[in-house]
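Enquirer: Provided herewith is a single structure, encoded as C-alpha cells, for subsequent inquiry.
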Amino acid sequence: MTSYIQQAFIVFVLFFSSLTFAQTREISGSISASGSVEGIHVINRTSYRYATSDIYGVFKIQAKLSDTLYFSSVQYIPKTIYVSLEMIEKKLVAVQLEDAVTALDEVTIGKILTGDLGSDVDNSDAKRPLDFYDFGLPGYTGSRKTLIENRLGEATAGSYINWGIPPQANLWKLLNKITGRTKRLQQNYKIEKDKNILTHIKDVVGPELFKYKNLDDDLRAEFYFYCADDENFQMRCTDRSDVEILQFLEEKLIDFNANISSEN
Numbered sequence: 063m064t065s066y067i068q069q070a071f072i073v074f075v076l077f078f079s080s081l082t083f084a085q086t087r088e089i090s091g092s093i094s095a096s097g098s099v100e101g102i103h104v105i106n107r108t109s110y111r112y113a114t115s116d117i118y119g120v121f122k123i124q125a126k127l128s129d130t131l132y133f134s135s136v137q138y139i140p141k142t143i144y145v146s147l148e149m150i151e152k153k154l155v156a157v158q159l160e161d162a163v164t165a166l167d168e169v170t171i172g173k174i175l176t177g178d179l180g181s182d183v184d185n186s187d188a189k190r191p192l193d194f195y196d197f198g199l200p201g202y203t204g205s206r207k208t209l210i211e212n213r214l215g216e217a218t219a220g221s222y223i224n225w226g227i228p229p230q231a232n233l234w235k236l237l238n239k240i241t242g243r244t245k246r247l248q249q250n251y252k253i254e255k256d257k258n259i260l261t262h263i264k265d266v267v268g269p270e271l272f273k274y275k276n277l278d279d280d281l282r283a284e285f286y287f288y289c290a291d292d293e294n295f296q297m298r299c300t301d302r303s304d305v306e307i308l309q310f311l312e313e314k315l316i317d318f319n320a321n322i323s324s325e326n
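Everything in the sequence shown is counted per my numbering, starting at 63 for the first residue and increasing by one.
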C-alpha cells in the first residue's frame, strides 16, 4: 500500500511539473553587443510573439520551455537560442550578439572627369581586364557562392561510398554527418537564404501589399517573420516573381490576422 502511494505521489509530482513548465511565462532579457542595443527584434518563433529591446538592451517576452527565440538586427549577426529550464526558473536570459561585418567595395582614385562623356572616354587609360575568354578557356559566369554555401558543399560533396575496387567510404562526409556539422551548416544556409529573401520582401514586396491591405505598423515586422517561418517559405519565394511572392503574403496575412484575433 505504501509503495502504491509513493508511486502515485511521484506521478502527481511529474504531472504537476510538466504542467508548470508547459505554461507560458514572461521572461526578462538583456542584450549586450559592441554597439547600440536599442530596437533589436526578439521573435518567439514557437508562439509568434514579438518584442523589441529598449535603449539598454532590455526586453520582455512571453515564452515557455523549449521555445525558440530569434534575435535580429541589421548591424548584428542573427542569433537563435532555445528556452532552457534555468531560464524558466530564473525568468531571465542574457544574450551576446556579434557584429555583422560588411566588406566594402574597393575604391580606385583616378583622373578627374570633365562631365563630357565622349571626351572622358577618349582620354581614359582604362583597359578591359583579361578574362578566361581571352585565352579560349571555359569559365564560370554565374554568381559567386557565399562562404556558407562553400562550406556546405565541401561537407556534403560526393557519395557516402565510392564503389570502386575495393569500395571506399567517404570518411569526411560521414564524419560531418555524425558530428552534426552538416546539419548546422544546412541550418545556417537556410537562415542566410531566408534573410536575403526577407530583406527583399520588407523593402519591395511588403510595401506594395500594405498599399491595399491594412496591418498596424508595429505588427508588420512580426508578420514578416511569421511568413519566413512557414515550411513552404523558400519554395514559394525563392526565384519567384514579385507577383507570386505577393500572392503568398496575401495568403499568410489571412492566417496571421486570424491568429491575432484568436489571441485577443
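Yeah, the Cβ is synthetic: ideal placement off N, Cα and C, and Gly gets one too. The model shown is predicted, which means the values in this text are computed figures rather than measured ones.
Here's the rule I'm using: 16 or more other beta-carbon atoms within 10 Å means buried, otherwise exposed. How should K314 be labelled?
Expert: buried
Enquirer: Can you tell me whether S115 is buried or exposed? The criterion is at least 16 other CB atoms within 10 Å of its CB, across all chains shown.
Expert: buried
Enquirer: For F287, which residues from the same chain have a beta carbon less than 6 angstroms from its beta carbon, with the 5 sequence-adjacent residues on both sides left out?
Expert: I105
Enquirer: Short check: CB of E102 to CB of S134, under 9 angstroms?
Expert: For the record, residue 102 in the displayed sequence is Ile; it is not Glu. In contact: I102 and S134 (Cβ atoms closer than 9 angstroms).
Enquirer: Between which two residues does the alpha helix (DSSP H) harbouring L154 extend?
Expert: That residue, L154, is in no alpha helix (DSSP H); its beta strand (DSSP E) goes 154–158.
Enquirer: Would Y222 be called buried (16 or more neighbouring beta carbons within 10 Å of its own) or exposed?
Expert: Exposed, by the Cβ-count rule.
Enquirer: Can you give the beta carbon distance from K126 to R87, rounded, assuming they're within the 8 angstroms contact cut?
Expert: 7 angstroms
Enquirer: Which residues does DSSP list as the beta-bridge partners of T130?
Expert: Per DSSP, Y144.
Enquirer: Exposed or buried, which one is D301 when buried takes at least 16 other CB atoms within 10 Å?
Expert: exposed
Enquirer: Nearest-angstrom Cα distance between D161 and K257?
Expert: 16 angstroms
Enquirer: From what residue to what residue does the beta strand (DSSP E) around I93 run?
Expert: DSSP places I93 inside the beta strand (DSSP E), whose first and last residues are 87–94.
Enquirer: Less than 9 angstroms separating the beta-carbons of A219 and L260?
Expert: no
Enquirer: How long is the line joining the alpha carbons of K245 and L159, rounded to whole angstroms?
Expert: 22 angstroms
Enquirer: Could you pull out every residue in the same chain whose Cβ sits closer than 6 angstroms to the Cβ of A156, ignoring the five residues on either side in sequence?
Expert: Excluding residues within five positions, the ones whose Cβ falls inside 6 angstroms are S92.
Enquirer: Ignore the nearest five residues each way along the sequence and tell me which others in Q85's own chain have a CB closer than 8 angstroms to its CB.
Expert: K126
Enquirer: Q249 to L214, Cα distance in whole Å?
Expert: Roughly 10 angstroms separates the two Cα atoms.
Enquirer: Just list the residues that DSSP pairs H103 with in beta bridges.
Expert: T114, S134
Enquirer: Out of N319, F285, L308, which has the shortest C-alpha to C-alpha gap to R327?
Expert: Residue 327 lies beyond the residue range present for the chain, which begins at 63 and ends at 326; the question has no answer from this structure.
Enquirer: Taking the Cβ atom as the reference point for each residue, do L209 and V267 lie within a distance shorter than 9 angstroms?
Expert: Contact check for L209 against V267 fails: the beta carbons are separated by 9 angstroms or more.
Enquirer: For the beta strand (DSSP E) holding P123, just list the boundary residues, first then last.
Expert: Residue identity differs from the one stated: residue 123 is Ile in this sequence, not Pro. Per DSSP, I123 belongs to the beta strand (DSSP E) from 120–125.
Enquirer: Under the DSSP definition of a beta bridge, which residues are partnered with A320?
Expert: Its beta-bridge partners do not exist; DSSP assigns none.
Enquirer: Taking its Cβ as the centre, do 16 or more other Cβ atoms sit within 10 Å of N321, making it buried, or is it exposed?
Expert: exposed
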